[in-house]
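Peer 1: Just dropping this structure here.
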Amino acid sequence: NAGVTQTPKFQVLKTGQSMTLQCAQDMNHEYMSWYRQDPGMGLRLIHYSVGAGITDQGEVPNGYNVSRSTTEDFPLRLLSAAPSQTSVYFCASSYSVGEAFFGQGTRLTVV
Amino acid sequence: AQSVAQPEDQVNVAEGNPLTVKCTYSVSGNPYLFWYVQYPNRGLQFLLKYITGDNLVKGSYGFEAEFNKSQTSFHLKKPSALVSDSALYFCAVRDRVSNYQLIWGAGTKLIIKP
Chain A
17 NAGVTQTPKF QVLKTGQSMT LQCAQDMNHE YMSWYRQDPG MGLRLIHYSV GAGITDQGEV
77 PNGYNVSRST TEDFPLRLLS AAPSQTSVYF CASSYSVGEA FFGQGTRLTV V
Chain B
3 AQSVAQPEDQ VNVAEGNPLT VKCTYSVSGN PYLFWYVQYP NRGLQFLLKY ITGDNLVKGS
63 YGFEAEFNKS QTSFHLKKPS ALVSDSALYF CAVRDRVSNY QLIWGAGTKL IIKP
């Protein structure tokens, strides 16, 4: 019963490097989202998808790309890492009006 | 604009006392309301939801919440707090205008003192 799986759990990047945060769900949810969580800022939506082949921007999309080629996978790409992208990243999936299921998070540090 | 407010950054309660974590919302139409809990260095866990029906909903770990349409509130409650309830609590809402994306409150840190 995997639910939402995020990898890696921890990552340190140098400024300017790129990387992909992986997210996979096995619940056949059509909705998937990426959030970042910073101290005192709550959760901020980066990008989301309402189904395979459909993505849209959230509140803070700059510096990030996503794609949704399958129902199960929703990777988040950092194009050129900046210290301002140091954060904890969460992936979530759900049916349209149901509760969201979250991954365990990726703690990213950009130096 | 749609929004969710959690007016208290922190709530302190003595163990065994009842607790309330407040949430109010501003959305158009009929909302779908949720509470989540986050323990340190963990992801968010679903506690309970209101979709339709009875205004009092019961969830995990003995928590419940009351939907009040006239006051646009969805406060989280528990009759008797445990030290293990200490965590960060988030209220969230979905509605059609936001394409059913979750709109989040800023979170309330709940501290239960022995």
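Chains as they are written, first to last, in the working numbering: chain A, 17 to 127; chain B, 3 to 116. Cβ atoms here follow ideal geometry from the backbone N, Cα and C, with glycine treated the same way.
Taking C-beta pairs closer than 7 Å, name the residues in chain A that B/K51 reaches, listed in chain order.
Peer 2: Along the second sequence, one-based indexing puts residue 51 of chain B at 49. By Cβ distance, chain A contributes E115.
Peer 1: Assuming B/I113 is part of the beta strand (DSSP E), what are its boundary residues?
Peer 2: On the second sequence, residue 113 of chain B is found 111 positions in, with the first residue counted as 1. Segment T110 to K115, the beta strand (DSSP E) holding B/I113.
Peer 1: Assuming the contact rule is C-beta atoms closer than 8 Å, A/Y105 and A/L92 should be a hit. Round their C-beta distance to whole Å, please.
Peer 2: The residue given as residue 105 of chain A occupies position 89 in the first sequence. The residue given as residue 92 of chain A occupies position 76 in the first sequence. With 8 Å as the limit, A/Y105 and A/L92 qualify as a contact, their Cβ atoms being about 7 Å apart.
Peer 1: So the beta strand (DSSP E) A/L54 belongs to, where does it begin and stop?
Peer 2: Here residue 54 of chain A refers to the residue found at position 38 of the first sequence. Per the sequence presented here, residue 54 of chain A reads as Asp, with Leu not at that position. Here the beta strand (DSSP E) through A/D54 covers Y47 to D54.
Peer 1: Which residue from B/Q12, B/Y34, B/Q47 and B/Y41 puts its Cα closest to that of B/G55?
Peer 2: As a first step, residue 55 of chain B must be located in the second sequence, where it is residue number 53. Nearest of B/Q12, B/Y34, B/Q47 and B/Y41 to B/G55, Cα basis: B/Y34.
Peer 1: So which residues on chain A does B/N32 lean against when the C-beta distance must stay under 8 Å?
Peer 2: Your numbering for residue 32 of chain B matches position 30 in the second sequence. Here the premise fails: no neighbours, minimum Cβ distance about 10 Å.
Peer 1: Suppose contacts are defined by Cβ-Cβ distances below 9 Å. Is B/K80 in contact with B/F92 by that definition?
Peer 2: Your numbering for residue 80 of chain B matches position 78 in the second sequence. Your numbering for residue 92 of chain B matches position 90 in the second sequence. Against a cut-off of 9 Å, the Cβ pair of B/F92 and B/K80 comes out as no contact.
Peer 1: Just to confirm, is the Cβ distance from B/A94 to B/L112 under 9 Å?
Peer 2: On the second sequence, residue 94 of chain B is found 92 positions in, with the first residue counted as 1. On the second sequence, residue 112 of chain B is found 110 positions in, with the first residue counted as 1. No, the pair does not count as a contact, with Cβ atoms beyond the cut-off.
Peer 1: With a cut-off of 9 Å, does the C-beta of B/Y41 fall near any C-beta of chain A?
Peer 2: For the purposes of this step, residue 41 of chain B is identified with residue 39 of the second sequence, where counting begins at 1. False, the Cβ-Cβ gap to chain A never drops below 9 Å.
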